[in-house]
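Below is one structure; the comments refer to it alone.
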Amino acid sequence: MTEWAVELRDVKKTYRTGPIEVPALRGLSLQIAPGEFVATAGPSGSGKTTLLNIIGGLDRADSGEIWVAGRNLQLLSSGDLSELRLRRIGFVFQTYNLLPVLTAFENAEFTLLLQGMPAAQRRARVEKLFSEIGLAGLENRRPTELSGGQQQRVAVARAMVTEPALILADEPTANLDSATAIALLDVMEHLNRATGTTFIFSTHDPQVMERAHRMIRLQDGQVLSDETRGSPERANVGSATRSA
Amino acid sequence: MAAIAFGYAMLLFVACLMAGLRWQMIENGTSLVMSQIQVQAPGYYPSRAVQKTLGGRKGTDVAAMLAVVAANRRVYAAAPRVYGYGLLSAAHRSAGVELMGIAPDQEPKITILNSQITKGEYLTERTPKGVVLGDKLASTIGMQLGSEIVLLTQAADGSMGNDVYTLVGIFHTGLDSVDRGLVLMTLPALQDLLHLAPARIHEIGIKLNDITAATTAAAALETQLGKTVPVRARAWPELAPELAGYVQFNRGITFVLFSIFFLMAVIGVMNTMLMAVFERTRELGMLMALGMRPAQVIMLIMAEAAGLAVASLLVGAALAVPLLWYLQVHGLNLGGAAGGVISLAGIVVGHLWYGRQDFPAYAEAAMGLAITALVSALYPAWRAAHFLPTEAIRKV
Chain A
1 MTEWAVELRD VKKTYRTGPI EVPALRGLSL QIAPGEFVAT AGPSGSGKTT
51 LLNIIGGLDR ADSGEIWVAG RNLQLLSSGD LSELRLRRIG FVFQTYNLLP
101 VLTAFENAEF TLLLQGMPAA QRRARVEKLF SEIGLAGLEN RRPTELSGGQ
151 QQRVAVARAM VTEPALILAD EPTANLDSAT AIALLDVMEH LNRATGTTFI
201 FSTHDPQVME RAHRMIRLQD GQVLSDETRG SPERANVGSA TRSA
Chain B
1 MAAIAFGYAM LLFVACLMAG LRWQMIENGT SLVMSQIQVQ APGYYPSRAV
51 QKTLGGRKGT DVAAMLAVVA ANRRVYAAAP RVYGYGLLSA AHRSAGVELM
101 GIAPDQEPKI TILNSQITKG EYLTERTPKG VVLGDKLAST IGMQLGSEIV
151 LLTQAADGSM GNDVYTLVGI FHTGLDSVDR GLVLMTLPAL QDLLHLAPAR
201 IHEIGIKLND ITAATTAAAA LETQLGKTVP VRARAWPELA PELAGYVQFN
251 RGITFVLFSI FFLMAVIGVM NTMLMAVFER TRELGMLMAL GMRPAQVIML
301 IMAEAAGLAV ASLLVGAALA VPLLWYLQVH GLNLGGAAGG VISLAGIVVG
351 HLWYGRQDFP AYAEAAMGLA ITALVSALYP AWRAAHFLPT EAIRKV
């Protein structure tokens, strides 16, 4: 059970607005191995974002089991989920979600601050990461002084700085132009290879899909297809199953 | 923030004005004639029998007693007094009056009647047969400065005391009972009229450094002086229960006004805190997504509420300072509406309503608003801590 970075077993999630019920995940099961670089794709409403939110413990499934880093998220309290996100999971959002009052450096070190890491260690780790992903020299700029691509790279740095086992990215290139999107994917792929961190991202963008080592297509809250391409080590060990 | 700051400024304004009115009432009520503490022989008050002097028929060493009183650290000044009642006659008219014998060099240290002289002059040792009285009495009897006056009274030994005096000064206090019924004369002159020896006085009037300590100081002085002669010391709340009642009434009104402004401030603060949290729902959701624990979210919001409260109180205080300064230095001029002099509960308060700094009330208001801000933040903080991060992030 613990050999998977992520394992979902018959996960169901339905959103309710008054009398209206909208099923988002309909008994979805899949396994993702450590170190995989996975893209999920599908039309709007297919369940991509819900899937990422549930894997990240940002939302609760109605039923099923969600195993991340060896822990069943369904059994964890809100506080334990927060702790898991803080230590083991990084998030990259479509709209960056940087804190506007903080500089790029402060945004990136924020999660380390929550972890209680000493200032010197925080500084060293953020500086190293900024240097690796081409943000050196931009440390003191606020989000409004950065381009979209730079902001998203700061968001990636914020997600990576805690050295998590898993990065979840919800349409990370949706607000970026092609060149910037490719540059960001280069950064993410480089970090995936260099650190072995598992990446799962949702996308509509064909060029992003091409870069994924494994492509999971969703439709109506179920896995439509699961395709493994040339991938780094262990990428081929993952699998997905459509529920009956 | 504006709600807390404005609410606090209003609370300071109300507290300052009401404390000022309270203070003016007490100050004017005690400083005109009464004084803040009166030391008398037991049983003298309220009958005011002429023969009931301090130390009984033998009297007491007045200078020694004054020295003991003056040595008390709470006492600002003290003065001896003698009282009597009699009939004042001048020309063809007469009136019943209260006679008050004072030491002209000591009395002005404890009361302000000397500053109310509108014609002539205050009593001095040089005019032992001089008297000073109110303008309404002078007008009623038809007296002018220099008029000869006959005073007739029952002396302490049961005989009739009478003598001729000269009107040397006329005062106007604005208080009808004083302007119409009080006659001031020197202590030796009244003792002579009442056939009292120099050692026999009815009262020592006392002014304190801090009037709020009057009751405590009176009890201490009574114990201290009682070691020599039996005495009864009364503070102004006992001497003027109507004034004490008014002060209580004033405190009640202050409490009601305070409560109204406080309630307004509380509603503002609660609204501010709720809005502050709900407007930042997305940001808080993002922080939780990054790993901030629910307890940390509550602490963050509470810390922000505390910071907001402190900053708002400082701004409120800054807004109020010039207002409070103006109230204390210049006062509110009510002359236009009230015609110059206002009398409340039998006490002249003047046409200017001065404020007075009431720091304990300011501190209570600040504490109350700060606690309100924190309590108001609890519910939104608890709500925020229980957001699902996805729901929070979705909000714009």
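Going down the list, the sequences are from chains A and B.
216 is the number that the numbering used here gives to position 216 of the first sequence; each next residue is one higher, with no gaps.
105 is the number that the numbering used here gives to position 105 of the second sequence; each next residue is one higher, with no gaps.
The beta carbon of each residue, even a glycine, is placed where N, CA and C say it ideally should be.
Query                                                                                                                    : Result
Classification of LYS58/B by the beta-carbon crowding that lies within 10 angstroms, buried from 16 upward               : exposed
C-alpha distance - MET215/A paired with ILE200/A, whole-angstrom precision                                               : 10 Å
DSSP beta-bridge partners of GLU203/B                                                                                    : GLN40/B and ARG81/B
Buried or exposed by the 16-neighbour rule on C-beta atoms within 10 Å, applied to ASP226/A                              : buried
Collapsed DSSP secondary structure at MET100/B in the structure displayed                                                : strand
Residues of its chain near THR14/A, where Cβ-Cβ distance is below 7 Å and the 5 sequence neighbours each way are ignored : GLU21, VAL22, PRO23, ALA24 and ASP62
Beta-carbon proximity of ASN235/B to THR215/B, cut-off 8 Å                                                               : It should be pointed out that residue 235/B corresponds to Ala in this sequence rather than to Asn. Yes.
Rounded separation between SER46/A and VAL187/A - CA only                                                                : 27 Å
8 Å contact criterion, which LEU51/A and LEU218/A should meet: CB distance rounded                                       : 7 Å
Residues of the segment 94-107 of chain A whose Cβ lies closer than 8 Å to any Cβ of chain B, in chain order             : ASN97 and LEU99
Rounded straight-line distance, which links the Cα of ALA90/B to that of TYR8/B                                          : 60 Å
Beta-carbon proximity list for SER239/A, same chain, < 6 Å, skipping 5 on both sides                                     : With a pLDDT of 48 at SER239/A, under the threshold of 50, the predicted position of this residue should be treated as unreliable, though the coordinate-derived value follows. If we look at SER239/A and ignore the five residues flanking it on each side, its Cβ neighbours are GLN31.
Nearest-angstrom Cα separation, counted from GLY130/B out to ASP163/B                                                    : 11 Å
GLU139/A in three-state terms, based on DSSP                                                                             : coil
Segment limits, alpha helix (DSSP H) that includes ARG465/B                                                              : Examination of residue 465/B is not possible in this model, given that chain B is present from 1 through 396 alone.
Cβ neighbours of GLN115/A in the same chain (closer than 8 Å, five flanking residues each side left out)                 : LEU86, ARG87 and THR162
Buried/exposed call for GLN87/B, threshold 16 Cβ in 10 Å                                                                 : What sits at residue 87/B in the sequence shown is Leu, not Gln. When all chains shown are included, LEU87/B counts as exposed.
Buried/exposed call for SER131/A, threshold 16 Cβ in 10 Å                                                                : exposed
Under 8 Å by beta carbon: chain A residues contacting THR390/B                                                           : ASN53, LEU58 and ASP59
Alpha carbon of ALA217/B to alpha carbon of LEU308/B, nearest angstrom                                                   : 43 Å
Proximity of ALA199/B and ASP61/B at Cβ, strictly below 8 Å                                                              : yes
Whole-angstrom distance between LEU17/B and LEU334/B, CA atom to CA atom                                                 : 13 Å
TYR326/B versus THR111/B, GLY20/B, ASN209/B and ALA303/B, residue with shortest Cα-Cα distance                           : GLY20/B
Neighbour list for ALA289/B in chain A, Cβ cutoff strictly below 7 Å                                                     : LEU58, ARG85 and PHE91
C-beta atoms of PRO380/B and MET288/B nearer than 8 Å                                                                    : no
Closest by C-alpha distance to PRO241/B, when choosing among ARG232/B, ALA3/B and PRO46/B                                : PRO46/B
Beta-bridge partners of PHE93/A, as assigned by DSSP                                                                     : According to DSSP, which records beta bridges pairwise, PHE93/A is partnered with nothing at all.
Residue nearest to VAL266/B in terms of C-alpha spacing, selected from LYS109/B, LEU187/B, ILE102/B and ALA366/B         : ALA366/B
Between the CA atoms of GLY56/B and GLY158/B - distance to the nearest angstrom                                          : 16 Å
Selected residue, minimal CA-CA separation from ASP210/B, among ALA384/B, VAL75/B and SER376/B                           : VAL75/B
Rounded straight-line distance, which links the Cα of GLY134/B to that of GLY178/B                                       : Looking at the sequence shown, residue 178/B is not Gly but Val. Roughly 7 Å between the two C-alpha positions.
Bridge partner(s) assigned by DSSP for LYS48/A                                                                           : Bridge partners of LYS48/A: none, in fact.
Cβ-Cβ separation, ALA41/A to THR198/A (assumed contact under 8 Å), whole Å                                               : Not quite, the Cβ-Cβ distance comes to about 17 Å (not below 8 Å), so this is no contact.
Per-residue DSSP class, three states only, for LYS136/B                                                                  : helix
Sequence-distant residues of the same chain with beta carbon closer than 7 Å to THR53/B, five excluded per side          : ALA41, GLY59, LEU196, ARG200, ILE201 and HIS202
Cβ-based contacts, 9 Å cut-off: residues of the segment 255-287 of chain B near chain A                                  : ARG282, GLU283, GLY285, MET286 and LEU287
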